[in-house]
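Participant:
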Amino acid sequence: MAEHFIAVENLKMWFPVQQDFIEGLFSHQREFVRAVDGVSFHIDRGEVFGLAGESGSGKTTTGRLILRLLEPTGGRIDFDGRDITHLSEAAMRPLRRRMQVIFQDPNASLNPRMTIGKAVGHALEIHNVAHGDKAKERVLEMLTRMGLTPPDRYYRLYPHQISGGQRQRVVMARALILRPDFLVADEPIAMADVSVRAMLLDLLRRLKDDFHLTYLFITHDLATAKYICDRIAVMYLGQIVEIGSVDQVYSNPLHPYTQALLAAVPVPDPKFRRTAPIPKGEIPNPIHPPSGCRFHARCAYARERCRTEQPLLLPVEGEPGHFVSCHMFGENGWKPVAQEVQI
Amino acid sequence: MDERKQSGNGIPLLQLRDLVVEYYTRSGVVRAVDSVDLDIYKGEVVGLVGESGCGKSTLGMALLRLVRSPGKITSGKILFKGKDILTLSENAMRDLRGPEISMIFQDPMTSLDPLQRIDDHFVESIRAHDKHISKEDAIKRAAELFDLLGIAPDRLQDYPHQLSGGMRQRVMIGLALALDADLIVADEPTTSLDVLVEAQFLDLLKDLRRRYNMTLILITHNIGIVAELADRVAVMYAGEIVELGDAGPLFAEPLHPYTDALLGSVPNIKLDEELKIMGGQPPDLLDPPAGCRFHPRCPYAMDRCREEEPPWQEIQPGHWAACWLYAEGKRETLHG
Ligand SMILES: Nc1ncnc2c1ncn2[C@@H]1O[C@H](COP(=O)(O)OP(=O)(O)OP(=O)(O)O)[C@@H](O)[C@H]1O
Ligand SMILES: Nc1ncnc2c1ncn2[C@@H]1O[C@H](COP(=O)(O)OP(=O)(O)OP(=O)(O)O)[C@@H](O)[C@H]1O
Ligand code: SF4
Ligand SMILES: [Mg+2]
Ligand SMILES: [Mg+2]
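Top to bottom, those sequences are chains A and B.
The first sequence lines up with residues 54 to 396 when you count with the numbering used here.
The second sequence lines up with residues 6 to 341 when you count with the numbering used here.
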């Protein structure tokens, strides 16, 4: 495992379900939300690794586990060659500077009563990296890199005095001020306006190169993921159903769920109107996930075996790094269904 | 286009004329909808797109005369089936909302009664539309509609909170159909839905419009959804409609520089194109720029753009834009 920058093996996060008192009296077992249920992947240095999937599939929980913001129920997390799964908070501290996170909603992440300069420079003081004028200098430099110019004007402003897109740039400045080498970006552009999204994406790409960053990029938008990610994992109900390079997964999607997700992405051009209907059904309850393949109830190809036996994540021949978890895959005569015809 | 114009009695179902909606805030007057002209024909889906704060929801609410205070419709006309609804009494207006014009919001819980089962919602709607129908028959009709909506009929007895977001949105469209509404205004109906559920909902809308010749104004910031469903598209910027046309030509050859920039900034999963980044941000509507409101962000802005408002012109048959490039004979600038 050591050669990868980040490696995650059989990671699990089961949240106990809050039961009411009466329920608790009569049930002998505690119930759990299996938010992340046996996930393995790695991220190499300098990569943008995407996690995609519908709401509740476990993307954010996976990100928080890697950042050690949650205590995993099981599995192992290696960061830069070191097993950090059960490191104490004190032992984590020096690593915290190296791993940062930005969330979807910049408003929730910024203190309305703190100036932008303070918000961005705060971490420098806390981690005893720089103080006073030295700290201010670094903040101004960072604001400039974020395109918040002239930086000394933004330094003095409060969050409510700037636009949403600018606020997200402040959040990015704050995350990068300690020069981390790993950034979890959890739906970083989901709240932004269409035109601002393009700008933020472009900025994220440039920052990656400038600061030699590695990203875990969480998104439910496969069009955005295609634009920024190098590799991608598709999650469903706490598990990875398909993983590979963006090229592999997008041009040869093998899991029926990946195929459905890709087909469902609205294309901003009426030339590409969808002709095939989308499979029916919605994500089942994660407390009692379906037996066998968790996708079977929604899958057009499901057979008896899919209902009883859980498929394994298997390598795709001739496509190194591409893995899929589906019983149909590898079976005689099984061919990936062509994406819908273009008209 | 022509066929549509000739259908029915020839007049559009809805005509907006010089519509102005303003918010009277403490810091000043926000003109959220500025002199909008728009015709909607029976059976068409018109997408209304634009970025946050450009006035889409305000325009949608104005169609039902539901603009929230401190907002007011300050001038113009809203002709529905040829009659100006701005002259109607509040009572007459209440009769119009629902059976004639139905609205669907991003959060369906705002329109559903949390204490009423889904079937009661349907029975009420069906009987409001047809007073002679018995309760049993109304429930039967509701079950038929449910089937069409792709929801198991046993969910009819559920309360709204027991349904998923996708199902609730289906219920909303079902209620509008139960009332046989002539016009449905849907404001970001899929914005809180997951991709697959959103696509299922769009499939449903496609199916329903075929069956019912539904007329729909689809308000959204998601350009992909408009591309998927709309026959015509209206692009709003800073309170104004800056471009209007059939979806095909509008996407293939946008006339307004804002539309062009907007379309260029959306990632397209089918292509491998670099995104075009639009500089700047939409103006503060308390103090919009003079001339063309897009001029501070427009790569083609000329002196005239900074001073005079561009005229709303039909550049090609059925394809309108408000931009000086056309009056100045410089259309190659955009599509050289
Ligand atoms: N602290 C918690 N306690 C209990 N359940 C939780 C907790 N955090 C997450 N969950 C549950 O775990 C599952 C996965 O949640 P998670 O937030 O990781 O999903 P996600 O893929 O990030 O979804 P979204 O796209 O909505 O952000 C969900 O069913 C969620 O309700
Ligand atoms: N109650 C209000 N009081 C004052 N101004 C308002 C009010 N509601 C809306 N506005 C202003 O009117 C303008 C248009 O708002 P509207 O909600 O119609 O935009 P929108 O296009 O629907 O945006 P979004 O995509 O965010 O929903 C905005 O500039 C907004 O600030
Ligand atoms: S009128 Fe001028 S500023 Fe406005 S969009 Fe056209 S060219 Fe650009
Ligand atoms: Mg999440
Ligand atoms: Mg709105």
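Beta carbons: idealized from backbone N, C-alpha and C, even for Gly.
Keep in mind it's a predicted model, so treat the numbers as computed, not measured.
Do you know how far the Cα of A/Val-92 is from the Cα of A/Gln-292?
Facilitator: Cα to Cα, A/Gln-292 sits roughly 6 Å from A/Val-92.
Participant: Helix, strand or coil for B/Val-38? Go by DSSP, reduced to three states.
Facilitator: Here B/Val-38 sits in strand by DSSP.
Participant: Thinking A/Pro-241 and A/Leu-266 are a contact (beta carbons under 8 Å), I'd like their distance in whole angstroms, please.
Facilitator: About 13 Å separates the two Cβ atoms, so there is no contact after all.
Participant: Taking 8 Å as the cut-off, is the CB of A/Ile-271 close to at least one heavy atom of ligand 1?
Facilitator: A/Ile-271 Cβ: within cutoff of ligand 1.
Participant: Closest by CA to A/Arg-83, which one among A/Pro-368, A/His-341, A/Cys-379?
Facilitator: For the residues A/Pro-368, A/His-341, A/Cys-379, the minimum Cα distance to A/Arg-83 belongs to A/His-341.
Participant: Rounded C-beta distance between A/Gly-128 and A/Val-61? I'm assuming under 8 Å.
Facilitator: That pair is a contact at about 7 Å.
Participant: Buried or exposed for B/Met-219, please, with buried defined as at least 16 other CB atoms from any protein chain shown within 10 angstroms of its CB.
Facilitator: Flag for B/Met-219 reads buried.
Participant: Can you grab the Cα-Cα spacing for the pair A/Pro-306 / B/Asp-100, in whole Å?
Facilitator: A/Pro-306 and B/Asp-100: Cα-Cα distance of roughly 51 Å.
Participant: Could you check which residue in A/Tyr-207, A/Arg-356, A/Ile-296 has the C-alpha nearest to that of A/Ser-378?
Facilitator: Comparing Cα positions, the closest option is A/Ile-296.
Participant: Which of the three DSSP states, helix, strand or coil, is assigned to B/Glu-56?
Facilitator: B/Glu-56 falls in the coil class under three-state DSSP.
Participant: Going by C-alpha to C-alpha distance, which of B/Pro-322, B/Val-34, B/Leu-18 sits closest to B/Gly-244?
Facilitator: B/Gly-244 has its Cα closest to that of B/Val-34, out of B/Pro-322, B/Val-34, B/Leu-18.
Participant: In this structure, how does DSSP classify A/His-380 when only helix, strand and coil are distinguished?
Facilitator: In the structure shown, A/His-380 sits in coil (DSSP, three-state: anything other than H, G, I, E or B).
Participant: Please indicate yes or no: does the CB of A/Glu-108 lie closer than 8 Å to some heavy atom of ligand 4?
Facilitator: Looking at the sequence provided, one finds Ser at residue 108 of chain A rather than Glu. Yes.
Participant: For ligand 1, is there a heavy atom less than 8 Å away from the beta-carbon of A/Lys-112?
Facilitator: Within the cutoff, so yes.
Participant: Quick check: the Cα distance between A/Phe-382 and A/Leu-290, rounded to an integer number of angstroms?
Facilitator: Looking at the two C-alpha atoms, the distance is approximately 20 Å.
Participant: Taking 9 Å as the CB-CB cut-off, is B/Gln-321 touching chain A?
Facilitator: False, the Cβ-Cβ gap to chain A never drops below 9 Å.
Participant: Can you list every residue whose CB sits closer than 5 Å to some heavy atom of ligand 7, going in chain order?
Facilitator: As far as ligands go, the structure on display features ligand 1, ligand 2, ligand 3, ligand 4 and ligand 5 and does not contain ligand 7.
Participant: Under 8 Å: does the beta carbon of A/Asp-239 sit that close to some heavy atom of ligand 4?
Facilitator: Yes, since a heavy atom of ligand 4 falls inside the 8 Å radius drawn around the Cβ of A/Asp-239.
Participant: Quick one: using the 10 Å Cβ neighbour count with 16 as the cut-off for buried, is A/Ile-119 buried or exposed?
Facilitator: It is buried - the Cβ of A/Ile-119 has at least 16 other Cβ atoms within 10 Å.
Participant: What does B/Lys-77 pair with, by DSSP beta-bridge criteria?
Facilitator: B/Glu-27.
Participant: Check the Cβ of A/Met-288 against every Cβ in chain B and list those closer than 7 Å, keeping chain order.
Facilitator: Simply none; closest approach about 13 Å.
Participant: Which residue's Cα is closest to the Cα of B/Arg-132: B/Pro-322, B/Pro-104, B/Tyr-28?
Facilitator: Of the listed residues, the one whose Cα sits closest to B/Arg-132 is B/Pro-104.
Participant: For a contact meaning CB atoms closer than 7 Å, what does B/Glu-56 contact in chain A?
Facilitator: The answer, in chain order, is Asp-246, Val-247, Ser-248.
Participant: Where DSSP assigns a beta bridge to A/Lys-33, which residues make up the other side?
Facilitator: Nothing in the structure corresponds to residue 33 of chain A, since chain A is present only between 54 and 396.
Participant: Looking at the unbroken alpha helix (DSSP H) that takes in A/Gln-219, where does it start and where does it end?
Facilitator: Start and end: 217 to 229.
Participant: Below 7 Å between beta carbons is the criterion; list the residues of the segment 278 to 302 of chain A that meet it against any residue of chain B, in chain order.
Facilitator: Hits within the stretch, in order: Lys-279, Tyr-280.
Participant: Keeping to the same chain, check which residues put their C-beta closer than 7 Å to that of B/Lys-335; ignore five residues upstream and five downstream.
Facilitator: No residues qualify anywhere along the chain.
Participant: Tell me the residue span of the alpha helix (DSSP H) that contains B/Ser-62.
Facilitator: Run containing B/Ser-62: 61 to 68, per the alpha helix (DSSP H) assignment.
Participant: Which residues in the same chain as A/Leu-148 place their Cβ atom closer than 7 Å to its Cβ, once the five residues preceding and following it in sequence are excluded?
Facilitator: The residues are Phe-132, Ile-137.
Participant: Could you say which of A/Thr-114, A/Arg-146, A/Asp-90 lies nearest to A/Ile-179 if we only look at CA atoms?
Facilitator: Nearest C-alpha to A/Ile-179: A/Arg-146.
Participant: How is B/Val-200 classed by DSSP in three states: helix, strand or coil?
Facilitator: Correct three-state label for B/Val-200: helix.
Participant: Take every Cβ of the segment 265 to 283 of chain A, pair it with every Cβ of the segment 97 to 111 of chain A, and state whether three or more of those distances are shorter than 8 Å.
Facilitator: They touch, by the three-pair rule.
Participant: What distance in whole Å lies between the Cβ atoms of B/Val-41 and B/Leu-21, which are believed to be in contact at a cut-off of 8 Å?
Facilitator: Contact holds; Cβ gap of about 5 Å.
Participant: Please tell me whether B/Ser-62 has its Cβ less than 9 Å away from any Cβ of chain A.
Facilitator: Not an interface residue.
Participant: On the DSSP bridge assignment, give the partners of A/Val-101 in chain order.
Facilitator: Per DSSP, A/Tyr-268.
Participant: With respect to the alpha helix (DSSP H) encompassing A/Met-195, which residues constitute its N-terminal and C-terminal limits?
Facilitator: 185 to 198 is the span of the alpha helix (DSSP H), which, as asked, contains A/Met-195.
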